[in-house]
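Comments concern the structure below.
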Amino acid sequence: MRRFMLTATAVGAAAVLAASARATPAYAAKEKKACGYCHVSPSGGGARNARGAYYAAHSHSFVGLPPAFTPLWKMEVAADTQRVAVADLGADKKPRLLMLGAENTLTVQNLTGDAPAKEATISLGPRGSRFVAGQFAKGKPAVVAVPGAIFVKDGDAFARKDAPDINDITGTVRFSDGGLYAFWFDGTNMPAVWSVDPTAAKPISYGRDMVLPDQAQGIYREVVARLPSATIQQMGWPQELAKAGVLGLSDPRADGSLYAWAPLQAADGSYLVYLKLDAITMGDMKPVWRSEKLAGKVLDAVFAADPKGSEKTGLLILEAAGEDGKGRTLEFLALD
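In terms of the working numbering, the sequence shown has 222 at position 207, counting the first letter as 1, and numbering is strictly consecutive.
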């Protein structure tokens with residue numbers, strides 16, 4: 016009897032192990048992830064990492080898994096670069112890197128080839144520092160918008176169209192259904208939101224209303240806002256998160272979990288952090304994720320597709336670099 020029980024126990028244990036071995040590939044297939052995504056070993060199996068532990072503890076679901084990012088690439092860019100963006104401004108549906116330089120000249124670069132290729136320059140005019148870019152109307156070309164005008168690709172150049180209805184631009188909002196809009200926020204009233212259709216006789220119309228951040232869970236996919244530091248502090252953000260003048264909301268895994276992000280300028284250097292939305296109003300500033308120390312002061316940042324075409328999404332960060340802070344480094348941190 017004792018021998019039978021020991022044998023049965025061994026068989027049972029083997030069955031459990033076999034089931035576990037079968038389950039791991041099944042979960043990988045279900046989530047479309049490599050086994051090493053959840054396990055310490057890159058080949059999968061064995062001890063779980065933090066993602067695997069979360070998955071096991073949350074009914075085999077990644078919903079609500081806090082964001083984390085890994086450095087993917089870094090490059091030096093022109094020292095006069097003031098702002099950056101990513102948008103599909105080509106004819107091949109690939110992301111382009113947009114860099115705003117001196118005299119509000121926007122350079123459109125293709126980074127998906129063997130070497131960076133400059134495809135166009137656009138003189139945005141006196142209010143070019145307020146530019147946004149993207150495909151604001153489904154099925155229509157992507158555009159660059161500034162207060163008072165939009166720029167649409169026309170052959171190898173970009174044609175300007177007057178858009179007097181856009182009096183100012185704070186940033187962009189993408190809703191969970193994919194709709195992208197430009198908006199202006201004065202720091203007090205509800206934002207004015209614009210839809211942009213470059214093929215219409217009147218390209219600017221009022222867009223979908225925005226909601227307050229504490230009501231936006233499951234509604235927003237991405238928000239990027241560039242505001243004066245004083246305005247950001249009036250909104251309840253601490254000074255060390257307001258200095259760069261750029262912040263955002265992001266549902267990085269598209270699972271309805273919305274976070275706030277901002278550059279953190281601490282005494283020992285600059286970082287980029289993700290926080291729970293209620294952390295700011297509650298005064299709990301412990302981030303759910305914090306980058307490694309960056310090359311220098313953050314000048315601009317955006318959550319975007321990788322302009323080098325890796326099909327990853329993540330954080331594109333423009334940083335002052337060098338001992339004198341006059342150089343410029345562009346870094347892409349890919350969503351892990």
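For glycine and all other residues, C-beta sits at the position ideal for the given N, C-alpha and C.
{"Asked": "Compute the Euclidean distance between the alpha carbons of P302 and P253, then round it to the nearest angstrom.", "Found": "13 Å"}
{"Asked": "Quick test of your reading: A102 and P110, contact by CB under 8 Å. State the CB separation rounded to the nearest angstrom.", "Found": "7 Å"}
{"Asked": "Quick check on the DSSP output: what are the complete beta strand (DSSP E) runs of length 3 or more inside the segment 277-342, in order along the chain?", "Found": "284-291, 313-320, 328-336"}
{"Asked": "May I ask you to list the residues that DSSP assigns as paired with V159?", "Found": "A148, F166"}
{"Asked": "Per DSSP, N125 is paired with what?", "Found": "A132"}
{"Asked": "May I ask you to report which of helix, strand or coil DSSP gives G143?", "Found": "helix"}
{"Asked": "Please return the same chain residues whose Cβ sits closer than 7 Å to the Cβ of G61, not counting the five positions on each side in sequence.", "Found": "H54, V55"}
{"Asked": "Between which two residues does the alpha helix (DSSP H) holding S56 run?", "Found": "Per DSSP, S56 belongs to no alpha helix (DSSP H) and is neither H nor E."}
{"Asked": "Determine the contact status of I257 and A275, defining contact as a CB-CB distance below 9 Å.", "Found": "Reading the sequence as shown, one finds Ala at residue 257 and not Ile. In this structure, A275 does not lie closer than 9 Å to A257 by Cβ."}
{"Asked": "Measuring alpha carbon to alpha carbon, tell me which of P322, V208, A245 ends up nearest V238.", "Found": "V208"}
{"Asked": "Give a yes or no on contact between the segment 259-268 and the segment 222-240, applying the rule of three or more CB pairs nearer than 8 Å.", "Found": "yes"}
{"Asked": "From L115 to T136, what distance separates their C-alpha atoms?", "Found": "10 Å"}
{"Asked": "Counting Cβ pairs closer than 8 Å, one from the segment 177-186 and one from the segment 145-164, do we hit at least three?", "Found": "yes"}
{"Asked": "Verify whether the separation of the beta carbon atoms of A216 and F151 is less than 9 Å.", "Found": "no"}
{"Asked": "Please state whether DSSP places L402 in a helix, a strand or coil.", "Found": "Limits of the chain in this structure are 16 at one end and 351 at the other, which puts residue 402 out of reach."}
{"Asked": "Excluding five sequence neighbours on each side, which residues of the same chain lie with their C-beta closer than 7 Å to the C-beta of Y42?", "Found": "H75"}
{"Asked": "Apply the 10 Å Cβ neighbour rule to L104 and answer buried if 16 or more other Cβ atoms are within range, or exposed otherwise.", "Found": "buried"}
{"Asked": "L227: buried (16+ other C-beta within 10 angstroms of its C-beta) or exposed?", "Found": "exposed"}
{"Asked": "For V317 and V99, which I take to be in contact (beta-carbon distance under 8 Å), what is that distance rounded to the nearest angstrom?", "Found": "7 Å"}
{"Asked": "With Q280 and E255 assumed to form a contact (beta carbons below 8 Å), what rounded beta-carbon distance in angstroms separates them?", "Found": "6 Å"}
{"Asked": "I'd like to know whether the C-beta atoms of G342 and A336 end up nearer to each other than 9 Å.", "Found": "yes"}
{"Asked": "Which word fits P278, buried or exposed, when buried means at least 16 other C-beta atoms lie within 10 angstroms of its C-beta?", "Found": "buried"}
{"Asked": "In terms of residues, what are the limits of the beta strand (DSSP E) holding S7?", "Found": "Since the first and last residues shown for the chain are 16 and 351, residue 7 lies out of range."}
{"Asked": "Determine the DSSP secondary structure at R12, reduced to helix, strand or coil.", "Found": "There is no way to answer for residue 12, as the model of the chain reaches only from 16 to 351."}
{"Asked": "Using only CA atoms, which one of G311, D315, L287 lies nearest to W304?", "Found": "L287"}
{"Asked": "To which residues of the same chain is G193 closer than 8 Å at the C-beta, ignoring the five residues directly before and after it?", "Found": "K153, R236"}
{"Asked": "Go through its chain and collect everything with a Cβ distance to G271's Cβ below 6 Å, but skip five positions before and after it.", "Found": "G233"}
{"Asked": "If we define contact as Cβ-Cβ less than 9 Å, is K133 a contact residue for chain C?", "Found": "Considering every chain present, this structure includes no chain C. It has just one protein chain."}
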